[in-house]
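Colleague:
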Amino acid sequence: MTPAVEFKDVTKRFAGAASPALDHVNLTIQPGELVCVLGTSGGGKTTLIKLINRLHDPDSGTVLVNGRDVSTIDPVTLRRGIGYVIQQTGLFPHMSVAKNIACVPTILGWDRDRIDARVDELLNLVHLDPAVFRDRYPAQLSGGQQQRVGLVRALAASPDLMLLDEPFGAIDAITRASLQDELLRIHRDSGKTFIFVTHDVTEALKLGTKVLAIDEGRIQQYAEPDELLAHPATPFVRELLACQGYTRDGRRG
Ligand SMILES: Nc1ncnc2c1ncn2[C@@H]1O[C@H](COP(=O)(O)OP(=O)(O)OP(=O)(O)O)[C@@H](O)[C@H]1O
7 MTPAVEFKDV TKRFAGAASP ALDHVNLTIQ PGELVCVLGT SGGGKTTLIK
57 LINRLHDPDS GTVLVNGRDV STIDPVTLRR GIGYVIQQTG LFPHMSVAKN
107 IACVPTILGW DRDRIDARVD ELLNLVHLDP AVFRDRYPAQ LSGGQQQRVG
157 LVRALAASPD LMLLDEPFGA IDAITRASLQ DELLRIHRDS GKTFIFVTHD
207 VTEALKLGTK VLAIDEGRIQ QYAEPDELLA HPATPFVREL LACQGYTRDG
257 RRG
């Protein structure tokens, strides 16, 4: 099977930085995985994500999506096929919820009826009643509701790949737990590949089919959650688990 995403010896160094943000990264992500990219601040998580949708380009090495070198794909075309969700949601404040969700389908030339049906389907998917929320503006939504709209906007044209960069970082614990459950369900039902950045071990272990631990621009471990808990591959992973209260047998101390 062609991997959904591959990094081949990828290095990214920002001007003036003492060390690279990503340092000779090799990584293969198979289709259908929900990969949680886990690490402390500044470790290179966001840089990794932005190299996939070409918000950054590598200094050396190759990033491939569905077997294609992304440097050969026009960035706008590439991004239309990749869902992208960030903490600040990026919703257009002057557009209604329905218009926000309809953005990519509109660009892709879907007809009105198909777009309307898709908007309603997506709002229902995240338990927002279309009759209530379609015509609201982002400022008229709570933080959790904005995040739900940001999530389904990225799903609107059913991209094969979803990139989510700490999407639930600013959400209270209860809303966050229900958003996580919704994300899990959406991932299972879609069968698509999701890459989800978080610094929260509990979130990564709950959501991930795989966890990618990263520090100082280097991959520390890429493993299933149980494997990561049972056999942390490096002192960094051991420390990360211990700091957030995880013991070796996977129980929170
Ligand atoms: N545009 C940029 N210009 C210069 N340095 C940058 C830029 N973006 C990131 N960096 C640096 O690259 C390194 C990795 O940053 P990155 O944002 O990937 O980390 P992160 O793991 O996502 O951190 P956080 O959890 O705090 O968001 C950091 O040292 C950061 O300061």
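Quick note: to get my numbering, add 6 to the position in the sequence shown (first position is 1).
Cβ coordinates follow ideal geometry from the N, Cα and C atoms, glycine included.
Out of 30, 10, 121, point me to the one whose CA is closest to residue 221's CA.
Modeller: 30
Colleague: Could you give the C-beta distance for residue 126 and residue 102, rounded to a whole number, given that I count them as a contact under 8 Å?
Modeller: Residue 126 to residue 102, Cβ: 13 Å. No contact.
Colleague: Buried or exposed: where does residue 100 fall if 16 or more other Cβ atoms within 10 Å of its Cβ makes it buried?
Modeller: exposed
Colleague: For residue 45, verify whether its CB is less than 7 Å away from any heavy atom of ligand 1.
Modeller: yes
Colleague: For the beta strand (DSSP E) containing residue 224, name the first residue and the last one.
Modeller: Start and end: 224 to 229.
Colleague: Say yes only if the C-beta of residue 210 is nearer than 7 Å to one or more non-hydrogen atoms of ligand 3, and no if none qualify.
Modeller: Of the ligands this structure carries, namely ligand 1, none is ligand 3.
Colleague: Under the DSSP definition of a beta bridge, which residues are partnered with residue 89?
Modeller: 168
Colleague: Please go through the same chain and pick out, in chain order, the residues whose beta-carbon is closer than 6 Å to the beta-carbon of residue 91, but skip the five residues on each side of it.
Modeller: 156, 157, 160, 170, 173
Colleague: Determine the direct distance from the alpha carbon of residue 219 to that of residue 230, and round the result to whole angstroms.
Modeller: 11 Å
Colleague: Answer with buried or exposed for residue 42, where buried requires no fewer than 16 other C-beta atoms within 10 angstroms of its C-beta.
Modeller: buried
Colleague: Given a cut-off of 8 Å, decide if residue 50 and residue 21 are closer than it, judged by their beta-carbon atoms.
Modeller: Not in contact: residue 21 and residue 50 (Cβ atoms no closer than 8 Å).
Colleague: Taking 7 Å as the cut-off, is the CB of residue 200 close to at least one heavy atom of ligand 1?
Modeller: no
Colleague: In its own chain, which residues sit with a C-beta less than 8 Å from the C-beta of residue 98, not counting the 5 before and 5 after it?
Modeller: Excluding the 5 residues flanking it on each side, residue 98 has same chain C-beta neighbours closer than 8 Å at 105, 106, 109, 144, in chain order.
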